Structure formats: structure tokens, C-alpha cells
Amino acid sequence: MDDIRNEIKKIAPTTRFIALSSIGVSLISFIAPAYVGMHTKLVFPQLWRLYTGFFILPRSISAIFDFVILYRTSSDLEGSGTSTAGAVYAWNRIVDATLILLLNIPINAFSLFRPLFVSIIYTQSLISPNATVNLFGLVSIPHYAYPYVILLIDMVSAGPVSVLISLTGIIATH
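Okay, so the sequence shown: first residue is 158 according to our numbering, each after it adds one.
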């Protein structure tokens, strides 16, 4: 048990918070999704929704891929640069989350995980636009195009409302 705890402590703090929150809230959402999902009319009587709405993973196999990509990208962003990179990264996530929350009020999205995910990917694309990312071992694309490829995947798999929700992550980060 101490080995697991030590391995978890090796993860950068903000990434650890995002990863453990995603796992914990997603497990709760399997049991009682109505109590953790984002619903704008229920936010003020149930303030925990401001937190839990960001960490509900999708209920599909894509959740595994999204979580792994989120973890790796978040670790790269938080661990790169100077000793203050972690604090700057954490502050950027707080500002992005606040803007995502405000932008999603009229949309009333149940889960804000996807916009948070896209905002982290978009941040990576701004920091290293010419680096490449390999999609499912099939195709390599430059980082600057990666957020838009994710929007295209959202359009094909879930429709225009999903793209609108994900787009709030790009708008918040930009």
C-alpha cells in the first residue's frame, strides 16, 4: 500500500489532483450521476457541482484514451520549464475552469470534462506548436492542429452540440 502511495506522490500536484478527481468523481457518477453532473439551476443549492462537473469522464471506451492523453499532457505541461511552472499551470487551470464554467451557463452541459480536456490540449498546442502527436498509432499531426482534430472527432462521434461544448475549452484558454 505504501508503494502505491509513493507512486501517487511522484505525480506533479495539479496533475495528481486532476487525475484523482477524474477517477473519484467518475466512479461516483456510475452510481449516482444526477448528484454530480453540472446543472446550472442546481449549482447554488448544491455547490459541489462546480467541482464535480469538470471530472465526469464519458461513459465509453474513449474515456480511457481521454484520461491517458489528459494525464500525459498535463504532466508534460506541469513538469516543463522552471520551478514555478507548476504554480503557473495550476493558476491557468483555475482561470480556464472558471471561464469554461461561465461559457457553459447558457449551454447547460452535464459534464465539463471535455472542455477542460480540450483546454489542456490547446495549451500544449500553443506552447509547442511544431511538435507532433501520434493519433492511435495511425497518423501523426502537429500540435497546432490537434485541438481542431479533437473537435472534428467530436463532430463525427457526438454531433454539433458536443463541438460547441468542447469549443468553450479553446475559447477559455485563448
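Don't be surprised by glycine CBs; every beta carbon is placed ideally from N, CA and C. None of these values were measured; they are calculated from a predicted model.
CA-to-CA distance, Thr197 to Gly243, given in whole angstroms: 31 angstroms
When you compare the CB positions of Ser268 and Thr172, do they come within less than 8 angstroms of one another, or not? no
Rounded C-alpha distance that separates His331 from Asp253: 9 angstroms
Quick one: grab the DSSP three-state call for Val200. coil
Less than 6 angstroms between C-beta atoms, sequence neighbours within five positions excluded: which residues of the same chain meet that for Gly210? Met195 and Leu269
Judging by CA-CA distance, which residue of Gly294, Ile307 and Gly316 is the nearest neighbour of Ser282? Ile307
To the nearest angstrom, how far is it from the Cα of Pro215 to the Cα of Lys167? 27 angstroms
For the candidate residues Ser319, Gly294, Ile277 and Ile328, whose alpha-carbon lies nearest to that of Ile264? Ser319
Between which two residues does the beta strand (DSSP E) carrying Pro299 extend? Val296 to Pro299
Give the DSSP-derived three-state secondary structure of Leu269 in the structure shown. coil
Using only CA atoms, which one of His300, Ser323 and Leu177 lies nearest to Thr230? His300
Tell me, to the nearest whole angstrom, how far the beta carbon of Ile284 is from that of Val290; I am working on the premise that it is less than 8 angstroms. That belief does not hold up - the Cβ atoms of Ile284 and Val290 are roughly 13 angstroms apart, past 8 angstroms.
Does DSSP put Leu360 in a helix, in a strand, or in coil? Because residue 360 is not part of the residues shown, which for the chain are 158 to 331, the question remains open.
Kindly give me the distance between the Cβ atoms of Ile213 and Val193, rounded to whole angstroms, as I take these residues to be in contact under 8 angstroms. 6 angstroms
Other residues of its chain near Ile182: CB distance less than 7 angstroms, five sequence neighbours each side excluded: Residue identity differs from the one stated: residue 182 is Val in this sequence, not Ile. Here the set comprises Val193, Thr209, Phe212 and Ile213.
Cβ shell of Met312 (< 7 angstroms), same chain only, five flanking positions each side left out: Val320
Taking 8 angstroms as the cut-off, decide whether the C-beta atoms of Gly326 and Ile257 are in contact. yes
With distances taken from CA atoms, which of Ala288, Ala329 and Ser276 is nearest Asp223? Ser276
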